[in-house]
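In full-length UniProt numbering, the protein residues as written are 1 to 192.
Ideal placement from N, C-alpha and C gives every residue a C-beta, glycine not left out.
Step one of this worksheet: look at the structure below.
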Amino acid sequence: MTSNYHGEQGARTSAVEDKRPHRKSAAYTYFWYSCDHQQAPRLDTMVHFTAEEKAIIMSLWGKVNIEEAGGEALGRLLVVYPWTQRFFDTFGNLSSASAIMGNPKVKAHGKKVLTSFGEAVKNMDNLKGAFAKLSELHCDKLHVDPENFKLLGNVMVIILATHFGKEFTPDVQAAWQKLVSGVATALAHKYH
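Below you can see the structure in the form of structure tokens.
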């Protein structure tokens, strides 16, 4: 870590070398610095949902077209964060946004991902338990960077916002953001 002091009043700035393999990606840099990472739940902290948050989540979930939203969410993840494509090398043509968004394997896996996300909706009081096996699979066998779970969750919130428009109020967004953050934390549990 290097530190520099600038200005008359000695304002301190720090530069920390980012050793993650995707550090050069402009999309990652934008995402990383545009999000408030202090809001994500800690791994040792269980996410608690109010009755109102649960009702909001369950109400919207009942209206989600899982096949359509799942394919779109995974497709957008692969387009916006291209380094995630390395986990899908058997999916065929991922050479362009249109190829990815039209890829039947991307759509099918997106549906599978969003279907499993339904477990979060059913198990909001035990996300860690609901995703224990998937956490183990993604850690031990697939070696997926757990940061990707956060990225997919945020993409999913964007998809829900576009699909539901005015119905996706700030309260709805807050509840869903809390859920996707909790799911990302639960999926990352095996890594720690």
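Excluding residues up to 5 positions away in sequence, Phe91, Gly92 lie with their Cβ nearer than 7 Å to the Cβ of Lys105 in the same chain. In the three-state reduction of the DSSP assignment, Ser116 falls in the helix class.
Put simply, the backbone Cα of Ile159 is about 17 Å away from that of Ser116. In this chain, Asn65 is not harboured by any alpha helix (DSSP H), its DSSP state being neither H nor E. If you look at Met124, you'll find it isn't in any alpha helix (DSSP H); DSSP assigns it neither H nor E. A distance of 8 Å or more separates the beta carbons of Met124 and Leu60. Collapsing the DSSP output to three states places Val155 in a helix. Judged by their CB atoms, Ile100 and Trp176 are not nearer to each other than the 8 Å cut-off. Sixteen is the threshold: since fewer than 16 other Cβ atoms of the shown chains lie within 10 Å of the Cβ of Ala97, the residue is exposed.
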